[in-house]
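For the sequence shown, this note's numbering gives the first residue as 165, with consecutive numbering after it.
For each residue, glycine too, the CB sits at the ideal point set by N, CA and C.
Keep in mind the model is a prediction, meaning the values are calculated, not measured.
In what follows, a single structure is set out as structure tokens and then discussed.
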Amino acid sequence: MRFPRFLLGAAALLLVLPACDGVVAVDSGPRPMDAGRDAGPPPDSGPVVCTPEPTGPVEAVFVLPTGAEGEGFFDLPWPSDVRRTAEGTIDMTGFPTRRNPFVQRYLDAMTERLDGFGTNGAVYFRFSRTIDAGALPERPEQSLEDGAAVFLVDVDPDSPDVGTRHPIALHFQDCPTRFWSAHTLAIRPVYGLPLASDRTYAAVVTTGLNSADGEPFARSADLEAVLAGESDAAVDAIYGPALDALEAAGVTRDAILSLAVFTTQDATGETIAIRDWMHAEYPAPSVVTVETDRVAPRYERVAGTYGPVPIFQAGELPYANAEDGGDITLDATGAPTVHGEYDARFSLTIPTSPMPAGGYPIVLYAHGTGGDFETVVRNDTAEKLAALGIASMGVDQIHHGARNPTATDPSILFFNIPNPLAARDNNRQSALDIVQQARLVPGLTFDTGLVERDGMPVRFDPAQTWFMGHSQGGLNGPIFLAIDDGARAAVLSAASSVITPSLIEKVEPLVIPDIVVALLNLPGGDYMQAFALEGFTVEHPVATLLQTWLEASDASNYAHLVFSSPREGFAPKSVLMTEGLRDAYSPPTSIEALAGAMRTPVVQPVGSPLVSLRLAGVDPVAPPVTGNVAGGAATAGLLQFPDDGHFAIFDNETAEAQYLGFFGSLLEGGPGTIPSP
């Protein structure tokens, strides 16, 4: 395996450090409050002892930036709309880098490109003393109550939900570390309930929170000026409307101890616009080369290439190093720039059963990391679908097969965390690749001399085009389903969203925690000790940094468009998700974040209750399940398998029977049925 230059240190760690079958989350303060998967397990490495309490004022730290020497980035609660450049992007100047080039690359990319803050990341408040943790909400529901000492609320005057609180998880970091400031309270949305895109929120700490010894915290002088409307005019323009919205919601200025006001980025708009541009301006693909290379009892296999497929990412494929690019770019008119084109390899299996009048139903298959265009045949999925009379088509995912001109492991190239541009836009390019693949289906046919049915050309039914994605295919698949109407239903195996749990929990095919330790140069004998010393939890500032940058490629931000609130003119799509609760490749925390964001109910028996679904009022459902979402127009369910891992859908006979039964039921023309075990 040839590693890019920036991963040599991480690669060395992978060779000398043992893999870990467990899941670790370290907490040097109270545990995150949302019970269940989102809370994480208790710490394994013991408490970290902090230095003695400092002397000086007992206050909630709120310092407007002036550029003076010694100012701390988190001395102003962050994120904050105060921290924006003249061009309107977010200003990351002063974020603690510890001279780390990896962190600096992300800061530079964010300052140059992001129009807003994260939808899944944390909000940070500093205090001069340890806080009274007993005053904090113990469960997400309690953060919605009027008396909550800390809460998150929509304050956007243009929002239909203005004044509505958003449930949160929290973490208190008492000890200072390389990246944490001392006495920092971090709050974040519960995974599976991301904030809305392009929306202004206020995170509020009230005077109901005292220091650990019971002494009230004083407000800072800068916040007193903000509350009185006597700060800088630009600052008052940010906080004033939010304070008005808070007062309208019953929160007085006198009750506010600390405050962050921030606007989220438009996480989905650009990708949606590129999809629409493709349909309006870019040619649909057609078959370029084709041959019949296999006839099996249940299918004929046709292989070839189709094109053109646009490459929207700038730079030098496969964007291995940070200087190689990998970002999707727009021209001066806002249209995407096509930096190249390629012909995609495909493997198409056509059932030998009679062709329906409308053409064969077809499943577009997206393989996992390490697969290729033939994976759908090799893993017998094609044969099993053909037995139902369903065709299947596999292609090479980005940086796989013919799309990887190097010897570098595709998993390194696809996730590529050290290269911010590629790390974000590889997944968006992948989703747009599927858009182009789906555009092939309506016109896909072959000369009868190659393959025919009763002397007629083989065709495929656009109204019965479905999708199946596993692992990496489950990262880009939900984005495709959200932005496009080329598939009417889907099976998602080990599909996930939200990167922050993976930084701690993902140990296959690479031990991601080891890579994090190497990239951040954290001290410690192994990653568990390093995470304990650093206080590296999902709320860690660098974790939020990465999540904020990657929101545009995070399926949780798109998930509501699949069936809960589809794009105008799009029909809701039926979705079956599968989860192995022992998955070390796609952390169950992240799988469940996607299910929650999509509002996909758990199908009984329940192996792991989802906090997000409980908060959203989505109850488990008993099988068989049909027409249970979108007013009966679609079917959705998450199947959980407690004793299985990443490949549950292939290894577990019950899972296999249920997903095949779901596809088979779609042949009847309705929303489909998830059968009983």
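In chain order, what residues of the same chain have a beta carbon less than 8 Å from the beta carbon of Ser395, not counting five sequence neighbours either side?
Leu228, Asp386, Ala389 and Tyr403
When the cut-off is 8 Å and only beta carbons count, does Arg623 lie next to chain B?
In the structure shown, chain B cannot be found, because there is only a single protein chain.
When Val527, Ile438, Arg592 and Pro405 are compared against Ala550, the one with the closest alpha-carbon
Val527
Per the contact definition of three or more C-beta pairs closer than 8 Å, is the region 656-675 in contact with the region 554-572?
no
Here's the rule: buried if 16 or more other CB atoms are within 10 angstroms of the residue's CB, otherwise exposed. What is Asn685?
exposed
If you scan the region 581-639 from start to end, which runs of the alpha helix (DSSP H) of 4 or more residues do you find wholly inside it?
584-604
Suppose contacts are defined by Cβ-Cβ distances below 8 Å. Is Thr513 in contact with Ala546 by that definition?
yes
Option in Tyr524, Ala521 and Pro574 with minimal Cα separation from His531:
Pro574
In angstroms with no decimal places, state the Cα-to-Cα distance between Glu698 and Trp344.
8 Å
Excluding the five sequence neighbours on either side, which residues of its own chain have a C-beta within less than 7 Å of the C-beta of Asp245, listed in chain order?
Ile402, Val425, Phe426 and Thr427
By the three-class DSSP mapping on this structure, what secondary structure does Pro324 have?
coil
Residue from Ser772, Ser728, Gly733 and Gly760 whose Cα sits closest to the Cα of Gly791
Ser728
Counting only runs of 4+ residues fully inside the region 303-391, write out the alpha helix (DSSP H) ranges in chain order.
385-391
Alpha helix (DSSP H) containing Ala467: first to last residue?
Taken as a continuous stretch (DSSP letters only), Ala467 belongs to no alpha helix (DSSP H), being part of the beta strand (DSSP E) at Tyr463 to Ile475.
Among residues of its own chain, excluding the 5 on either side of Ser854, which ones have a beta-carbon nearer than 6 Å to its beta-carbon?
For the chain, the structure presents residues 165 to 841; residue 854 sits outside this window and is missing.
Relative to the alpha-carbon of Ile554, which residue among Pro321, Met519, Gly834 and Pro582 has its alpha-carbon at the smallest distance?
Met519
Nonlocal neighbours in the same chain, by C-beta distance under 7 Å from Met256, ignoring five residues either side:
Leu271, Met274 and Thr275
When the Cα atoms are used, what is the spatial distance from Tyr470 to Val451?
4 Å
Quick one: is Ala189 buried, meaning 16 or more other Cβ sit within 10 Å of its Cβ, or exposed?
Bear in mind that the predicted position of Ala189 carries a pLDDT of just 28, short of 50, making it unreliable; the figure below should be weighed with that in mind. Per the 10 Å Cβ criterion, buried.
Thinking just about the alpha-carbon of each residue, which of Pro787, Ala786, Pro765 and Gly771 is nearest to the one in Arg778?
Pro765
If you drop the 5 nearest sequence neighbours on each side, which residues of the same chain put their C-beta closer than 6 Å to that of Gly688?
Ala694 and Leu697
Quick one: what does DSSP say Tyr823 is sitting in, helix, strand or coil?
helix
What residues in its chain sit with their C-beta under 6 Å from that of Leu177, if we drop five residues either side in the sequence?
Since pLDDT at Leu177 reaches only 31, below the 50 mark, its modelled position is unreliable, and the value read off the structure follows with that caveat. Here the set comprises Asp678 and Ala682.
For Val767, does the count of other Cβ atoms within 10 angstroms reach 16, so buried, or fall short, so exposed?
buried
Start and end of the alpha helix (DSSP H) containing Met442?
Gly433 to Glu445
My output table needs one value for Arg458: the three-state DSSP class, helix, strand or coil.
strand
Spell out the partners DSSP gives Gln804 in its beta bridges.
Glu743
The region 490-504 contacting the region 605-612, beta-carbon criterion three pairs below 8 Å:
no
Whole-angstrom C-beta distance between Arg352 and Ala333, which should lie under 8 Å
6 Å
Extent of the continuous beta strand (DSSP E) run through Ala653
Ala653 to Ser657
By the DSSP assignment, the alpha helix (DSSP H) with Arg886 in it spans what residues?
The requested residue 886 does not occur in the structure, where the chain is confined to residues 165 to 841.
Restricting to Cα atoms, I'd like to know which of Phe826, Gly796 and Ser511 is closest to Leu803.
Phe826
Tell me the DSSP secondary structure of Asp783 in three-state form.
coil
Which whole-angstrom value describes the C-beta separation of Leu481 and Pro584, a residue pair presumed to lie in contact below a C-beta threshold of 8 Å?
Wrong, their Cβ atoms sit about 17 Å apart, outside the cutoff.
Buried or exposed: where does Asp850 fall if 16 or more other Cβ atoms within 10 Å of its Cβ makes it buried?
No statement about residue 850 is possible, as the shown extent of the chain runs from 165 to 841 and does not include it.
Hey, Gly771 and Phe805: beta-carbon distance below 8 Å or not?
yes
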